[in-house]
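Visitor:
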Amino acid sequence: MSEALNYSTYLHLDGLLRQQAPRSAAEGEPEHDELLFIVIHQVYELWFKQMLHEFDYLCTLLRQNQRARANHTLLRLRTILKTIVGQVDILETMTPLEFNAFRAYLESGSGFQSVQFREIEFMLGYKRANMFKHYPPDTFGLERLRRRFEQPTLWDAFLAFLALNGYPVPAVQLTRDVTQPLAASAEVQALLIDVYRNDAAVRGVCEHLVDLDEGCMEWRYRHVKMVERTIGGKPGTGGSPGAAYLVATLRPFFPDLWEIRSRL
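If you're matching positions, the sequence shown starts at 17 in my numbering and goes up one per residue.
#1: Measure the alpha-carbon distance for T25 versus F156 and round it to whole angstroms.
#2: What distance in whole Å lies between the Cβ atoms of P271 and A200, which are believed to be in contact at a cut-off of 8 Å?
#3: Quick one: is Q132 buried, meaning 16 or more other Cβ sit within 10 Å of its Cβ, or exposed?
#4: In angstroms with no decimal places, state the Cα-to-Cα distance between V281 and E43.
#5: Classify F177 as helix, strand or coil using the three-state DSSP reduction.
#6: Between the Cα of R160 and those of A173, I136, L180, A179, spot the shortest distance and give me the residue it belongs to.
#7: Whole alpha helix (DSSP H) runs in the segment 107 to 181 with 4 or more residues, listed along the chain?
#8: Can you give the beta carbon distance from V101 to R279, rounded, assuming they're within the 8 Å contact cut?
#9: So, under 8 Å CB-CB, N81 and N181 are touching, yes? Tell me the CB distance rounded to an integer number of Å.
#10: What separation, rounded to the nearest whole angstrom, lies between the Cα atoms of R245 and L208?
#11: Measure how close the beta-carbons of A173 and R79 come, nearest whole angstrom, since I'm counting them as under 8 Å.
#12: Quick check: R92 and E70, are their CB atoms within less than 8 Å of each other?
#13: Rounded to whole angstroms, what is the Cα-Cα separation between L228 and F269?
#14: According to the neighbour-count rule (16 or more other Cβ atoms, all chains shown, within 10 Å of its Cβ), is K149 buried or exposed?
#15: Report the rounded CA-to-CA distance for L140 versus E45, giving the unit in angstroms.
#16: Which ranges would you report for the alpha helix (DSSP H) in the segment 181 to 261 if only whole runs of at least 4 residues count?
#17: Check the C-beta distance from R236 over to L198 and give it rounded, since I have them as a contact under 8 Å.
#18: Pull up the CB-CB distance for Q189 and L175, whole angstroms please, since I reckon it's below 8 Å.
#19: Assuming V204 and P168 are in contact, meaning their beta carbons sit under 8 Å apart, how far apart are those beta carbons, in whole angstroms?
#20: Are E114 and D49 close, meaning C-beta to C-beta below 8 Å?
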């Protein structure tokens, strides 16, 4: 007879709560703050999983011209981003000395290696084939990342949504090579100016996309400042570029939605 379902078994808590294993414990008393570091980053990965789930759903909604559900999903994604930003506040309760007390135990491990975060970047149009050189062939989730690289982005779904609403999106945009990073388009910007001036319903979706983009930049900024606060200008864990690389990523995913601001 199977065990009755309850809160613990539904959430698989027995297995979940065994996944936090501070490496410093192998040498006796574990460093106090290593558990916090592990929990925070595991929670990040869970939120990344949920975000990817929502992004896939959002793309479907846009391609089906389901405006209300798309707006609702964009609002959820923005709220998740606010939660992720809030987690930085918790990490910043850890001083540089407290982090350095267990940093060596991380060895070559680095947040730079997060496959799910790369998936999010690819979904948002920040695609770079050279990122794959950082992942050995046996990396967990690598095949999923390769598929994500070859899939259309959220912006491609948005362009399809514009076309469904009667806007003459250039064919070169609708059939572009989706493995290339997004680039600003004067033709798309002209359509967006028309949307903002004359179509409140579609403009609402645009503004939610701007909210999402701003939320991503806010998270990146807070991440940069947290890294600088903790390790300064030193290389990141595992030899990753550290804060210098993170500063270079402080850029919008959807340049057309930002470019038109000065022309409205």
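Positions of the beta carbon are idealized from the N, C-alpha and C atoms, including for glycine.
Guide: With the given structure in hand:
#1: 26 Å
#2: 4 Å
#3: buried
#4: In the structure displayed, the chain extends from 17 to 280; residue 281 sits before or after that span and is not available.
#5: helix
#6: I136
#7: 112 to 116, 131 to 139, 158 to 166, 170 to 180
#8: So it is not a contact: roughly 30 Å between Cβ atoms.
#9: 7 Å
#10: 39 Å
#11: 5 Å
#12: yes
#13: 9 Å
#14: exposed
#15: 43 Å
#16: 187 to 190, 202 to 214, 216 to 247
#17: Actually they are not in contact, since the Cβ atoms of R236 and L198 sit about 16 Å apart, beyond 8 Å.
#18: 6 Å
#19: Not really, about 15 Å apart at Cβ, beyond 8 Å.
#20: yes
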